Structure formats: C-alpha cells, structure tokens
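Student: The opening position of the sequence shown corresponds to residue 297 in my numbering, with each subsequent residue numbered one higher.
Glycine included, each C-beta is placed from N, C-alpha and C at the ideal position.
Keep in mind the model is a prediction, meaning the values are calculated, not measured.
My questions will all concern the structure given below.
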Amino acid sequence: MNSLILRTTSRAVLPTALIFSIYVLLRGHNEPGGGFIGGLIAAAGLAVHALPRGGDALMSLLRVSPKAIIGTGLSLALISGLPALLMAEPFLTHQWAFPGGIAISTTLIFDTGVYLAVIGSVLTFLSYYLEN
C-alpha cells in the first residue's frame, strides 16, 4: 500500500499513539487502562506507520523481532509474580515498595509485560501481511 496521505499522517500518528499508550499503561492500575489496551494503542500506531512503508521499515524501526518482544513481555509478566512467592504469598499477589517515597509495584511490571506481549503479537500478525 503506497498512500501519500497515510504516509504523511502516520508521521504524526505514531508519536501521538506511543505517548498516549504509555499514558494508558501507567494509569492502568489506578484507573481504567493498563497493559493490554496500551499495547493495542501502541501497535495501532506502529501499524499505521508500517502499512505505507512496508515490513522492512517496521523492522528498522523496532530493531528487534516482534517475537523477541513477545518473549520479553512474557518474561516480565512471569517475573512480576516472583516477589510474592519469596514472601510466601500466592503467585501474582502484587507487592509494593516505596524507595524514596516513590510507589513501585509488581503490578506495573506485570502490565509492562502484557504491554510488550500485545505489541509483539499484533506486529507478528501484521508482519505476515506487509510487503518488503
């Protein structure tokens, strides 16, 4: 697909979608949002960027395989459950830490893993349909 309009507007859509997806990811454990919908928003922005440019442009933008992104996301999601096991609680019982007054939770690690897994999954599916 070689559309001048899509190629031009995707320059604005991609950064906007990525920023909004990170916002949705970060607010997810306090309000509606989270890793899944944030990942879909980011993948949509990347898809709009890749459709008029092809698969090679997508791979040069990502610099890693979408399947590697899936693996990283799944690893983060699994790792987020380990602190609960170390504290003799059920797996994926979320833990909180407050270093320097900043609240950090394993929920954010889990949501980030889901975010990456969704982006990788959508882009893996999309890569089969893009021209190189």
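Which one or two residues does DSSP pair with S401 in a beta bridge?
Tutor: Position 105 of the sequence shown, counting from 1, holds the residue named residue 401. In DSSP, S401 forms a bridge with W392.
Student: For V309, collect the residues of the same chain with a Cβ closer than 8 Å to its Cβ; drop the 5 residues on either side in sequence, then sort them by chain order.
Tutor: Indexing the sequence shown from 1 puts residue 309 at position 13. G341, V344 and H345, listed in sequence order.
Student: Provide the residue span of the alpha helix (DSSP H) that contains S306, from first to last.
Tutor: On the sequence shown, position 10 is the one that residue 306 refers to. Where S306 is concerned, the enclosing alpha helix (DSSP H) stretches over L300 to R323.
Student: My output table needs one value for L426: the three-state DSSP class, helix, strand or coil.
Tutor: Taking the first residue of the sequence shown as 1, we reach residue 426 at position 130. L426: coil per DSSP, three-state reduction.
Student: Just how far apart, CA to CA, sit R349 and F387?
Tutor: Position 53 of the sequence shown, counting from 1, holds the residue named residue 349. Position 91 of the sequence shown, counting from 1, holds the residue named residue 387. Distance between the alpha carbons of R349 and F387 is about 43 Å.
Student: Measuring CA to CA, which of N298, T420, Y425 and R307 is closest to V360?
Tutor: By one-based count along the sequence shown, residue 360 stands at place 64. Per the Cα distances, T420.
Student: Does the beta-carbon of A413 have 16 or more other beta-carbons within 10 angstroms, so that it is buried, or is it exposed?
Tutor: To locate residue 413, count along the sequence shown from 1; it is residue 117. Buried is the call here.
Student: In the DSSP assignment, find the unbroken alpha helix (DSSP H) run with P379 in it and report its ends.
Tutor: The residue you call residue 379 lines up with position 83 of the sequence shown. That run of the alpha helix (DSSP H) goes L378 to L382.
Student: With distances taken Cα to Cα, identify the nearest neighbour of I315 among A339, G351, S299 and I398.
Tutor: Taking the first residue of the sequence shown as 1, we reach residue 315 at position 19. The residue with the shortest Cα to Cα distance from I315 is A339.
Student: Could you check which residue in F406, L336, Y411 and G331 has the C-alpha nearest to that of L422?
Tutor: The residue given as residue 422 occupies position 126 in the sequence shown. Among F406, L336, Y411 and G331, the Cα nearest to that of L422 is on L336.
Student: Should I415 go down as buried or exposed, given a rule of 16 or more other Cβ atoms within 10 Å for buried?
Tutor: The residue you call residue 415 lines up with position 119 of the sequence shown. Buried, by the Cβ-count rule.
Student: Measuring only the C-alpha atoms, how far is M355 from T403?
Tutor: What you label residue 355 is simply residue 59 of the sequence shown in a count that begins at 1. What you label residue 403 is simply residue 107 of the sequence shown in a count that begins at 1. Answer to the nearest angstrom: the Cα atoms are 30 Å apart.
Student: At the level of alpha carbons, what is the spacing between V418 and P362?
Tutor: For the purposes of this step, residue 418 is taken as residue 122 along the sequence shown, with counting starting at 1. For the purposes of this step, residue 362 is taken as residue 66 along the sequence shown, with counting starting at 1. Taking the straight line from one Cα to the other gives about 8 Å.
Student: Counting along the chain, where does the alpha helix (DSSP H) carrying P362 start and finish?
Tutor: Here residue 362 is taken as the residue at index 66 of the sequence shown, counted from 1. That run of the alpha helix (DSSP H) goes P362 to I375.
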